[in-house]
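Since the structure comes first, as structure tokens, the remarks are kept for the end.
Protein chains: 2
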Amino acid sequence: MSLCVVGSVALDTVKTPFGEVNEALGGSATFFSTAASFFTEVQLVAVVGDDFPPEHLAFLKSRGVHLDGLQQVPGRTFRWRGEYGYPLNEAKTLDTQLNVFAAFRPALPAAYRDAEFVFLANIDPALQSDVLRQMNRPKFVACDTMNFWIAGKRTALVRTLAQVDLVVINDGEARQLAEEANLVRAAARILSWGPKILVVKRGEYGALMFNGKTIFAAPAYPLENVFDPTGAGDSFAGGMMGYLSTQQGAVTDAMLRRAVIYGSVMASYNVEAFSLDRMRSLTEEAITARYRDFQALMAFDPLA
Amino acid sequence: MSLCVVGSVALDTVKTPFGEVNEALGGSATFFSTAASFFTEVQLVAVVGDDFPPEHLAFLKSRGVHLDGLQQVPGRTFRWRGEYGYPLNEAKTLDTQLNVFAAFRPALPAAYRDAEFVFLANIDPALQSDVLRQMNRPKFVACDTMNFWIAGKRTALVRTLAQVDLVVINDGEARQLAEEANLVRAAARILSWGPKILVVKRGEYGALMFNGKTIFAAPAYPLENVFDPTGAGDSFAGGMMGYLSTQQGAVTDAMLRRAVIYGSVMASYNVEAFSLDRMRSLTEEAITARYRDFQALMAFDPLA
Chain R
1 MSLCVVGSVA LDTVKTPFGE VNEALGGSAT FFSTAASFFT EVQLVAVVGD DFPPEHLAFL
61 KSRGVHLDGL QQVPGRTFRW RGEYGYPLNE AKTLDTQLNV FAAFRPALPA AYRDAEFVFL
121 ANIDPALQSD VLRQMNRPKF VACDTMNFWI AGKRTALVRT LAQVDLVVIN DGEARQLAEE
181 ANLVRAAARI LSWGPKILVV KRGEYGALMF NGKTIFAAPA YPLENVFDPT GAGDSFAGGM
241 MGYLSTQQGA VTDAMLRRAV IYGSVMASYN VEAFSLDRMR SLTEEAITAR YRDFQALMAF
301 DPLA
Chain X
305 MSLCVVGSVA LDTVKTPFGE VNEALGGSAT FFSTAASFFT EVQLVAVVGD DFPPEHLAFL
365 KSRGVHLDGL QQVPGRTFRW RGEYGYPLNE AKTLDTQLNV FAAFRPALPA AYRDAEFVFL
425 ANIDPALQSD VLRQMNRPKF VACDTMNFWI AGKRTALVRT LAQVDLVVIN DGEARQLAEE
485 ANLVRAAARI LSWGPKILVV KRGEYGALMF NGKTIFAAPA YPLENVFDPT GAGDSFAGGM
545 MGYLSTQQGA VTDAMLRRAV IYGSVMASYN VEAFSLDRMR SLTEEAITAR YRDFQALMAF
605 DPLA
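Order-wise, the sequence lines are chains R and X. Quick note: the first sequence uses our numbering, first residue 1, plus one each step. Quick note: the second sequence uses our numbering, first residue 305, plus one each step.
Shown next, in the form of structure tokens:
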């Protein structure tokens, strides 16, 4: 089934303890689309400047990502510069140049309006709501957000949350959003505002999924080499939503649990190299193999 | 089968965001023994002063803990004073009075020397080795340690590690001990020194178990009310070793995985109240119920 993502396409300059990369392909919609592209075709909505390197467009096309919704406008592409130390969990932002992204107004091509699965990546919550107004009753909507919007646009954000099925945010954001230090109670509060499901991403510690009745806990895949965490969260969401969009019928808890594992698989691969480099050589066999690795990682005998 | 623990018995004064408690029963051997007592009889080796409240001895006896190895000597009992803020993971030590514990020399009663399972709680690694010299070929030995010994008694500690089957430490200690930020590589280095198994405790994020071939990841049980984390690590070890000591034959990976879950169950209950208070009313039914909760928490469909 069809999957649409609205978010950023950016050029990232990243330094980690293991190396650095200059103006590499990045952005929430890029990581999401690329991860999801291993499961389905993705309709991308974003904006880039006239300086955007054509080879990045070619890469996204090669992954089957539809670019009719990617506006290319005069000006410079969104640029982000960040650094990771130890622990690798937290990025230190050194510079953010929104450039053409500052005036981004998502406009969905007619062909995208019937998408059944939608991911609203981390953009202004007012724009997230605006995207939903352009859609024809999508089957399943997920969104991300960040501390900047939680602090500065709380009312608009809570309005967006009321319209989505799934919220995918990190643990610090969940605590800040709910104004509650305990994650179980923070989750209950966020779910009380409307979304059916909350997935809390915890970086190297994995993810927790709450639906108001049960909790699912997935570890992160223990990696010997975490090279660059940039895009891990969006790759996670891409794997999750990409997998869900291949499933028929109502979205069940069992489907969502499998989706969390596929999200964890995609995030674990993405951090193995800078930018999207690991995705360039990734195979379906490798995805399946790591899903099985998660089975082995989490297996123990049930009681009789 | 028989289980012996050597460690501390202390009086803890603890402040958390939810309250405080003054000179409550604490100490690594106490938390360990009490958690393990739900699985087996425990032989305790420790020291207390002549000020130690008799009701604490009565409590340990009521849990079936053997106290022949508990020396009571003139002087004051070991006292620890600590505080937890948010996040609750990290204790801030305000005061440590070793008192009679400073001169502690473990002396195993003859009846303990044939114990098949041994836990060397966090004490001077030279004393840990000394305990092993007093034993008659135990079947399975586990140990804990802390940053103080890693920094100050590294050579003695590495000598102890070479003699144990299982090391149970937290993630910061594992990184410090291995001098390696990446946990997977830190685990490989620690295992190269002799122990067969390493369990890394990560507080609210659960535990990872490494055996050089496979990894097992268990989440912590997501709790709405974490009241006091003191003793969580020793309760974890107590649940793990208590369960293992009930099993026949060689210790297998499947047994160890079940043991990690039982350890997680005991730790999750222990943090629900100050000191050992939750353990006082805990039942076997509640332990079984939470083991099943872990099954539900970690379940997802395997690939065909």
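C-beta: ideal position from N, C-alpha, C; glycine also.
- Residues of the segment 70 to 87 of chain R with a C-beta less than 8 Å from any C-beta of chain X: Y86, P87, listed in chain order.
- Identification of chain X residues near V184 (chain R) by a Cβ-Cβ cut-off of 8 Å yields P526, L527, E528, ordered along the chain.
- Looking only at R:G49, R:A91, R:S28, the smallest Cα-Cα distance to P17 (chain R) is reached by R:A91.
- If you keep only unbroken beta strand (DSSP E) runs of at least 3 residues inside the segment 313 to 339 of chain X, you get 314 to 320, 323 to 330.
- Straight-line measurement puts the Cα of F117 (chain R) at about 6 Å from the Cα of K139 (chain R).
- When Cβ-Cβ separations below 8 Å define contact, L57 (chain R) makes no contact with chain X.
- Scanning chain R for C-beta atoms nearer than 7 Å to the C-beta of M602 (chain X) yields A217, M298, reported in chain order.
- DSSP places M298 (chain R) within a helical segment (H, G or I) once states are collapsed to three.
- Look at the beta carbons and you see the segment 248 to 257 of chain R not touching the segment 47 to 55 of chain R: under three pairs across the two are nearer than 8 Å.
- Just so you know, the alpha carbons of L607 (chain X) and V141 (chain R) end up roughly 26 Å apart.
- By the rule that beta-carbons nearer than 8 Å mark a contact, L607 (chain X) touches chain R.
- At least 8 Å separates the beta-carbon of R562 (chain X) from that of N574 (chain X).
- By the C-beta density criterion, P229 (chain R) is buried, having at least 16 other C-beta atoms within 10 angstroms.
- Under the Cβ distance rule, R493 (chain X) does not count among the residues neighbouring chain R, no pair being separated by less than 8 Å.
- The residue among X:A571, X:R506, X:F520 with its C-alpha nearest the C-alpha of P391 (chain X) is X:R506.
- With 16 or more neighbouring CB atoms inside 10 Å of its own CB, L161 (chain R) falls in the buried class.
- Counting only runs of 3+ residues, the beta strand (DSSP E) found wholly inside the segment 356 to 442 of chain X occupies 369 to 377, 383 to 388, 395 to 401, 421 to 424, in chain order.
- For R367 (chain X) and M545 (chain X), the gap between their C-alpha atoms comes out near 16 Å.
- For the 8 Å CB-CB criterion, Q375 (chain X) and L412 (chain X) do not form a contact.
- The three-state reading of DSSP puts A250 (chain R) in coil, since its state is none of H, G, I, E or B.
- In terms of beta-carbon proximity, Q295 (chain R) lines the interface with chain X, with at least one pair separated by less than 8 Å.
- Counting the other CB atoms within 10 Å of its CB gives R290 (chain R) a total of 16 or more, which places it among the buried residues.
- Y205 (chain R) belongs to the set of residues whose beta carbon lies under 8 Å from a beta carbon in chain X.
- Looking at the DSSP output, G353 (chain X) bridges to X:V377.
- In the three-state reduction of the DSSP assignment, Q347 (chain X) falls in the strand class.
- Between F336 (chain X) and D475 (chain X), the C-beta spacing is not below 8 Å.
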